[in-house]
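For the sequence shown, our numbering assigns the number 58 to the initial residue and increments by one for each residue that follows.
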Amino acid sequence: MPTFYVTTPIYYVNAAPHLGHAYTSIAADILTRHARIAGKEAFFLTGVDEHGEPVVLAAERDAVTPQQLVDLNAERFRELTRLLELSNDFFIRTTDAGHMTRVQEILQRVHDAGHTYRGIYEGWYCPRCADFKGDSEIGPDNSCPIHQIPLERESEDNWFFRLSTFQAPLERLFADRPDFVMPRHAYNEAHSFLSQGLQDVSLTRAKLSWGVPVPWQPDHVFYVWFDALLNYVTALGYAREGESLERFWPADFHLIGKDILKFHTIYWPALLMAAGLEPPRHVFVHGFLLSPLDGALEKMSKSRGNVLDPFAIIAEFGADALRHYLFREVTFGADGPVSLEGFRSRYDAELANEYGNLASRTLNMLERYSGGTVASVALDAELVRDFAGLAGRVDALLDRAEISAALEEIWQHVRRLNRYVEEHAPWRLARDEERTDELTRVLASLAEGLRVVTVALNPYMPAKTATLLDALGRPSLTAREYSVLGWGGPVGALAPLFPKTAR
Ligand code: MSP
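Set out below in structure tokens:
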């Protein structure tokens, strides 16, 4: 069976999860569910990044130990994973013993192969990014361009990773594989960083003790980014009994936000090469959810205070509505604003009116005019033609992680079905006894169209689509079910899938 391995970043646990974290996680779930329907064996990994300075600082502020802080906050991320209906196969925590011992093994191998040396790091550091900034990455007055806080001058006795020796291998990787980083603008950004020439980077930190101890230098811990990146490999070794790296590595997709592009597109493939492992197939870099801050639209960020709370939206509207909204509103790969008002209008316009109403109307008409069954008859050729190729186009888009474009393609077919209802007005056909055959054909065609869009929407809205497929009496989810088949059988009742918001 072909395999599919997709990951999210592991999130920092020093603050509560917000909508930005949910965005990447939902994207990974959509790709996973789609891969499973397409008959692949998928492994979906998400989790939390528990080491590093921000955790130590947050714990000090709350007067708890780092371990207490991470135990508490990891649970909130895990809870979000559950509430978002994510079908992840494992939830990694970088304080897991299974992760920590494997980080030590792999980095010891890198050290033994001569990719490290001891030296003094001198330069600028952003504690929020946990990033040593090169000259091209420094904002005005030595500030962090991402967090807009002053950078700190660091001078530290570290072990270094010889990143600079991977200049040529990385250039080859980028030349050979134009889809290593997606979309294209992200590839260009990564490539331009590479073209400036790579500097060696700190691999260990002497000043911190909260982290994975360095086996050959036990008073140091590994720099948090190396510890964190390795999660994508370590998890496969202990996530479940009998699992092996060989089965799923290299990863098909690492999904990340553009804030962590350098680590995933430069450091990570270099580290993998140093450890004798293959680079991932694709790193897909998405944009930021934006939200108002002091009159402008800015990256949603806990430290800036302009976040939306996914827990509250799910409690009121359910996970499916949120999943739909995010990928309709913000094209995967680009930045885009989100808001509660925007959420409500899209919910009413698209979920309650377009899709929900289509579902209710179709089932009601089947009940009223067709004895509660879908007749097994030849379908309307025009509608069949309009649906031809839908499955293939959605597949092709999702193979490139174009999640919003695939959803748009499906949504055009939801709209097509609503037009079909208006064009054929079954309630008029029902008044004319001579048109019974036409009525039967229209209703069977409509039922089949609704079933096909619902199968295609399943990765986006797993719960509601399952309810609807049950009501249609055809719940199975396989690749075959993506195409117009024509089937016959009884249908059941359906409560409104997306009740209109009370406003
Ligand atoms: N711990 C590191 C990642 C290590 S991966 C080996 C980290 N954590 S984070 O908590 O800051 O999460 C960053 C990720 O969260 C982004 O890359 C993105 O996936 C997601 N997002 C956080 N804020 C976001 C937005 N405002 N918009 C979209 N995604 C956002 O970096």
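Note that the Cβ used here is the ideal one computed from N, Cα and C, for glycine as well.
Please confirm whether Thr122 and Ala116 have their CB atoms less than 8 angstroms apart. By 1-based counting over the sequence shown, the position of residue 122 is 65. By 1-based counting over the sequence shown, the position of residue 116 is 59. Contact: yes.
Let me check understanding here. Comparing Cα to Cα, which of Leu230, Pro74, Ala409, Ile195 lies closest to Glu335? Along the sequence shown, read from residue 1 onward, the residue named residue 335 stands at position 278. Residue Leu230 is the option with its Cα nearest to Glu335.
May I ask whether a heavy atom of ligand 1 can be found less than 7 angstroms away from the beta carbon of Met357?
One-based indexing of the sequence shown puts residue 357 at position 300. Result yes, Cβ under 7 angstroms from ligand 1.
Handout entry: Met58, DSSP secondary structure in three states
Key = Counted from its first residue, the sequence shown places residue 58 at position 1. Residue state, collapsed to three classes: coil.
Worksheet item: CA-CA distance, Val105 and Leu293?
Response: Start at 1 with the first residue of the sequence shown, and residue 105 comes out as number 48. Start at 1 with the first residue of the sequence shown, and residue 293 comes out as number 236. Taking the straight line joining both Cα atoms gives about 15 angstroms.
Those residues which DSSP pairs with Asn215 across a bridge = The residue you call residue 215 lines up with position 158 of the sequence shown. In the DSSP assignment, Asn215 is bridged to Gly176.
Check: Is it a yes or a no for the stretch 260-267 touching the stretch 94-101, going by three-plus beta-carbon pairs under 8 angstroms?
Finding: Fewer than three pairs of CB atoms, one per stretch, sit closer than 8 angstroms, so the stretch 260-267 makes no contact with the stretch 94-101.
- Query: What span of residues does the beta strand (DSSP E) with Lys356 cover, start to end?
  - Reply: The residue given as residue 356 occupies position 299 in the sequence shown. Run containing Lys356: 353-356, per the beta strand (DSSP E) assignment.
Next item on the list: Would you list the residues sitting across from Cys183 in a DSSP beta bridge?
Entry: For the purposes of this step, residue 183 is identified with residue 126 of the sequence shown, where counting begins at 1. Under DSSP, Cys183 forms a beta bridge with Asp188.
Next item on the list: Give me the Cα-Cα distance between Ser502 and Arg485, rounded to the nearest whole angstrom.
Entry: The residue you call residue 502 lines up with position 445 of the sequence shown. The residue you call residue 485 lines up with position 428 of the sequence shown. Between Ser502 and Arg485, the C-alpha separation is close to 17 angstroms.
| Contact set for Pro547: own chain, Cβ-Cβ below 7 angstroms, skip 5 residues either direction | The residue you call residue 547 lines up with position 490 of the sequence shown. Excluding positions up to five away in sequence, the list reads Gly429, Thr430, Gly530.
Excluding five sequence neighbours on each side, which residues of the same chain lie with their C-beta closer than 8 angstroms to the C-beta of Pro532?
Here the question's residue 532 lines up with position 475 in the sequence shown. Excluding sequence neighbours, Pro532 sits near Ala523, Leu526.
(Q) Taking only three categories from DSSP, how would you classify His75? (A) Looking up residue 75 in the sequence shown gives position 18. Annotated three-state conformation of His75 is coil, per DSSP.
Does the beta carbon of His470 fall short of 7 angstroms from some heavy atom of ligand 1? Translated into the one-based positions of the sequence shown, residue 470 becomes position 413. Incorrect: His470 has no Cβ contact closer than 7 angstroms to ligand 1.
Using a threshold of 7 angstroms, is the CB atom of Ala285 nearer than that to any non-hydrogen atom of ligand 1? For the purposes of this step, residue 285 is taken as the residue at position 228 of the sequence shown. Yes, Cβ of Ala285 sits closer than 7 angstroms to a heavy atom of ligand 1.
Reduced DSSP secondary structure (H/G/I, E/B, other) of Gln224:
Taking the first residue of the sequence shown as 1, we reach residue 224 at position 167. In the structure shown, Gln224 adopts helical secondary structure according to DSSP, grouped into three states.
Practice problem: State the Cα-Cα distance for the pair Met357 and Leu260, rounded to the nearest angstrom. | Solution: To locate residue 357, count along the sequence shown from 1; it is residue 300. To locate residue 260, count along the sequence shown from 1; it is residue 203. Their Cα atoms are separated by approximately 30 angstroms.
| Along the chain, which unbroken stretches of the beta strand (DSSP E) at least 3 residues long are found entirely within the stretch 226-287? | The qualifying runs are 274-279.
Please classify Thr151 as buried or exposed, where buried requires at least 16 neighbouring CB atoms within 10 angstroms. Sequence index remark: in the sequence shown, residue 151 carries index 94 (1-based). By the neighbour-count rule (16 or more Cβ atoms within 10 Å), Thr151 is buried.
Item to check | Backbone CA spacing between Pro240 and Arg385 [nearest angstrom] | outcome: Looking up residue 240 in the sequence shown gives position 183. Looking up residue 385 in the sequence shown gives position 328. Approximately 18 angstroms, taken between the alpha carbons.
- Message: On the criterion of 16 or more Cβ atoms from any shown chain inside 10 Å, does Thr493 qualify as buried, or is it exposed?
- Response: In the sequence shown, residue 493 corresponds to position 436, counting from 1. The residue in question, Thr493, is exposed, as its Cβ has fewer than 16 Cβ neighbours within 10 Å.
Taking just the CA atoms, how far does Trp306 sit from Arg210? Looking up residue 210 in the sequence shown gives position 153. Looking up residue 306 in the sequence shown gives position 249. Roughly 38 angstroms separates the two Cα atoms.
- Name the residue from Glu110, Leu88, Glu136, Thr64 whose alpha carbon lies nearest to the alpha carbon of Ile371. Reading the sequence shown from its first residue, position 314 is the one you call residue 371. Ranking Glu110, Leu88, Glu136, Thr64 by CA distance to the CA of Ile371 puts Glu136 first.
Notebook entry, point to check: Taking the alpha carbon of Gly171 as the point to measure from, which residue in Gly268, Phe223, Val509 has its own alpha carbon closest?
Noted result: Counting from one through the sequence shown, the residue named residue 171 turns up at place 114. Of the listed residues, the one whose Cα sits closest to Gly171 is Phe223.
Q) Do you know how far the Cα of Thr388 is from the Cα of His343? A) As a position in the sequence shown, residue 343 is number 286, starting the count at 1. As a position in the sequence shown, residue 388 is number 331, starting the count at 1. Answer to the nearest angstrom: the Cα atoms are 9 angstroms apart.
Check whether the Cβ atoms of Phe148 and Thr89 sit closer than 8 angstroms, and answer yes or no.
-> Here residue 148 refers to the residue found at position 91 when the sequence shown is read from its first residue. Here residue 89 refers to the residue found at position 32 when the sequence shown is read from its first residue. With respect to Thr89, Phe148 sits apart: the two C-beta atoms are not nearer than 8 angstroms.
Next on the checklist: Does Ala378 pass the burial test, meaning 16 or more other C-beta atoms within 10 Å, or should it be called exposed?
Outcome noted: Position 321 of the sequence shown holds residue 378. Per the 10 Å Cβ criterion, buried.
message: Distance check for Thr64 and Ser301, CA to CA, integer angstroms please.
response: By 1-based counting over the sequence shown, the position of residue 301 is 244. By 1-based counting over the sequence shown, the position of residue 64 is 7. Rounded to whole angstroms, Ser301 to Thr64 spans 16 angstroms at the Cα level.
Point to revise | In chain order, each alpha helix (DSSP H) run of at least 4 residues that lies wholly inside the stretch 461-519 | key: You should have 483-486, 493-514.
Pick from Ala72, Leu255, Arg304: whose alpha carbon is nearest that of Glu98?
Locating residue 98 in the sequence shown gives position 41, where the first residue counts as 1. Closest by alpha carbon: Arg304.
Would you list, in sequence order, the uninterrupted alpha helix (DSSP H) runs of no fewer than 4 residues that lie entirely inside the stretch 321-406? Correct list: 325-331, 367-374, 376-386, 397-403.
- In chain order, what residues of the same chain have a beta carbon less than 7 angstroms from the beta carbon of Glu246, not counting five sequence neighbours either side? Here residue 246 is taken as the residue at index 189 of the sequence shown, counted from 1. Excluding positions up to five away in sequence, the list reads Leu318.
I want to check one thing, is the minimum distance from the CB of Gly77 to the heavy atoms of ligand 1 below 7 angstroms?
Translated into the one-based positions of the sequence shown, residue 77 becomes position 20. Yes, Cβ of Gly77 sits closer than 7 angstroms to a heavy atom of ligand 1.
TODO: Using only the heavy atoms of ligand 1, determine whether one of them is closer than 7 angstroms to the beta carbon of Asn410.
DONE: The residue given as residue 410 occupies position 353 in the sequence shown. Not under cutoff, so the answer is no.
- First through last residue of the alpha helix (DSSP H) which encompasses Ile163: Locating residue 163 in the sequence shown gives position 106, where the first residue counts as 1. Note, Ile163: alpha helix (DSSP H), 154-169.
field: Distance between Tyr69 and Glu132 (C-alpha atoms, nearest Å)
entry: Along the sequence shown, one-based indexing puts residue 132 at 75. Along the sequence shown, one-based indexing puts residue 69 at 12. Our two residues, Glu132 and Tyr69, have alpha carbons roughly 12 angstroms apart in a direct line.
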